[in-house]
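Read the structure below first, then the notes.
Chains as they are written, first to last, in the UniProt record's numbering: chain S, 1 to 203; chain Z, 1 to 403.
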């Protein structure tokens, strides 16, 4: 039902989806007779996905990830051709009481639970954007689960300046993202409040 | 000292005339006595809440023009930024449509910083209109009527209230809902367009009187009695465009009409009624008893003058050509007075019709040529927009423009 066309020549995986409801597409539609062997991606629905518009460098994507299945699911990776790297990030309080953002190995979502990705909280970190992401663009991201199944999610870009978020880094394209330490990225999260959503929080 | 309730009734007796005075006085005394004798306050009737009322966003037509006008409306005109090309228009209109679809259903918009404010839709509608420059940028031919209206002798137009490339009409029965929706829509569009003007207006609050009651303007007049009603074949014929990229759309003329309340104060009640041709009490034509009575323009006074004067607004606003009609959707405004005055008031008059040149302009010309009401009213703003067709879920308002 979703029509995807390339928006402009050279645009990298930035596609227009006619559907504004951001229904995720997965490889199979129905769980198999044995639920435990059904791909995890099949039981997950991502809604309200959006990405903060960014001229270059870094940004973040948000939305609600619902596990509608009977088994726990674990997201272990996210990627997009719109960025050289993406990471799963959580926001937690450090020893000094400051809220910090850091990469995690996975997002666990219990059956029937949903996880809110939102500014100031957990999010999908986007690093080294390969083209400017402007308001109204659609960016396709692929979530990978720990059983290897994948789910494409289309996030609409929005101008957003809220929650004291500063994702713009310096020369992020040159850096080794795997070792990235937010403390050196010029990000200002020191004042961030209300980032109390833990993974798997029911909404 | 009478309590507020009985004072209110006394004032009401004056307005309703002698016949009601007896009953009103009895009620006032009764209420007073109850308040004094009964220790516990009387049980209040169950509160009727309207906040969750939803006007569906999707459909063949944009929704607002076919609903009973909400209590409040804000019209925002924007000018496109130079960099906004056809692709930018597509992105902007998709964002606006997505925001509008969510907010009108009582859901937060994407990237909504104040999502709690979205939870009371209160019949929120968002109507998207486009001006000639936007249509040209989209690469479509600009309809002949999509241009500033011809100049009228009565006009004293100010740039501050005129023109625009994009119109957002945000209306609801709750002003806080409007303020939030307006901010979300403008945050969503600020990469593409800048605010040109904002006009906010109001009618009676929802629940203050029966829905569908003809509004009163700040002159106290019943205003807008004759108005093709949504849901009728007459309305459909007068309002909707049938062909081309605007099929299912229409046009909106926005006129900001300043009303000089201080000068109006100097006019006596018969003079006020003659200027419009209707009674102030219930809006009945001066030849009738009830608001909906057909005016009798041939009726003469004992000394031979028309009962409804030739110069009255009612007489002048009615054309013999019944195709020269439109649907009106008006809101009062009451702004901070400028130095030395106590009022800066008027009406945001909007007219909806398939073709402004054929339907609206002839009437406006007649009123410009002669209408006693012009003594107290002055058009100070004017704009014409094409109201885009509606869209279905998954689509966006403007998809036919950009197709």
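Heads up, the beta-carbon is just placed ideally off N, CA and C, and yes, glycines get one too.
query                                                                                                                                            : result
CB contact below 8 Å: residue 110 of chain S versus chain Z                                                                                      : no
Contact list for the region 33-61 of chain S against chain Z, Cβ threshold 9 Å                                                                   : 48, 49, 50, 52 and 53
Closer than 8 Å to chain S by CB, residue 184 of chain Z                                                                                         : no
Backbone CA spacing between residue 82 of chain Z and residue 214 of chain Z [nearest angstrom]                                                  : 43 Å
Cut-off 6 Å between Cβ atoms - residues of its own chain near residue 398 of chain Z, not counting five sequence neighbours on either side       : 93 and 388
Nearest candidate by alpha-carbon position, reference residue 162 of chain Z, set Z/118, Z/147 and Z/56                                          : Z/147
Alpha-carbon spacing of residue 364 of chain Z relative to residue 324 of chain Z, whole angstroms                                               : 10 Å
Own chain, CB closer than 8 Å to residue 212 of chain Z, minus 5 neighbours either side, in chain order                                          : 68
Cβ-based burial, residue 302 of chain Z [other Cβ within 10 Å; buried from 16]                                                                   : exposed
Residues within the UniProt domain "Dyp-type peroxidase N-terminal" (64-203) of chain Z neighbouring chain S, beta-carbon criterion of under 8 Å : 87, 88, 90, 91, 92, 94, 95, 97, 98, 101, 110, 111, 113, 187, 188, 190, 191 and 192
Inter-stretch contact (C-beta, 8 Å, three-pair minimum) for the region 107-120 of chain Z and the region 171-181 of chain Z                      : yes
Cα-Cα separation, residue 33 of chain S to residue 106 of chain S                                                                                : Any answer about residue 33 of chain S is weak, because its pLDDT of 48 lies below 50 and its placement is not dependable; what the coordinates show is given next. C-alpha separation (whole angstroms): 27 Å.
is_contact[residue 120 of chain S, chain Z] using C-beta, thresh 8 Å                                                                             : no
CB contact flag (residue 50 of chain Z, residue 183 of chain Z, <8 Å)                                                                            : no
Where the alpha helix (DSSP H) through residue 313 of chain Z begins and ends                                                                    : 313-317
Top-ranked residue by Cα proximity to residue 327 of chain Z, from Z/227, Z/337 and Z/124                                                        : Z/227
Residue 140 of chain S versus residue 174 of chain Z: straight-line alpha-carbon distance, rounded                                               : 37 Å
Exposed unless 16 or more other CB atoms sit within 10 angstroms - verdict on residue 342 of chain Z                                             : exposed
Neighbour list for residue 152 of chain S in chain Z, Cβ cutoff strictly below 7 Å                                                               : Those do not exist, as residue 152 of chain S stays about 17 Å from chain Z at its closest Cβ, beyond 7 Å.
Residue nearest to residue 86 of chain S in terms of C-alpha spacing, selected from S/142, S/53, S/117 and S/137                                 : S/142
Contact list for residue 135 of chain S against chain Z, beta-carbon separation under 8 Å                                                        : 91, 92, 95, 188, 191 and 192
Proximal residues of chain Z, C-beta to C-beta of residue 156 of chain S below 8 Å                                                               : 94, 95, 98 and 110
Nearest-angstrom beta carbon gap, residue 134 of chain S and residue 191 of chain Z [assumed within contact, 8 Å]                                : 7 Å
Under 9 Å from the C-beta of residue 146 of chain S: neighbouring residues of chain Z                                                            : None at all; the shortest Cβ gap to chain Z is about 28 Å.
Neighbourhood of residue 253 of chain Z by C-beta distance below 6 Å, restricted to the same chain and skipping five residues each side          : 351, 356, 360 and 384
DSSP-derived helix/strand/coil call for residue 374 of chain Z                                                                                   : helix
Inter-residue spacing [alpha-carbon to alpha-carbon] between residue 72 of chain S and residue 123 of chain S                                    : 19 Å
Same chain, Cβ closer than 6 Å to residue 95 of chain Z, five either side skipped, listed in chain order                                         : 188
For residue 358 of chain Z and residue 236 of chain Z, the rounded distance between their alpha carbons                                          : 16 Å
Status (buried if at least 16 other CB within 10 Å, exposed otherwise) for residue 24 of chain S                                                 : Note that residue 24 of chain S scores a pLDDT of 46, beneath 50, so its modelled location is shaky; the value from the coordinates is reported in the next line. Buried is the call here.
Contact the region 285-301 of chain Z vs the region 232-251 of chain Z: 3+ CB pairs below 8 Å                                                    : no
Residue-chain proximity (residue 159 of chain S, chain Z), Cβ-Cβ < 8 Å                                                                           : yes
Alpha-carbon to alpha-carbon, residue 200 of chain Z and residue 17 of chain Z                                                                   : Confidence is the limiting factor: at residue 17 of chain Z the pLDDT is only 45, short of 50, which leaves the residue's position unreliable and the question unanswerable from this model.
Proximity of residue 152 of chain Z and residue 368 of chain Z at Cβ, strictly below 8 Å                                                         : yes
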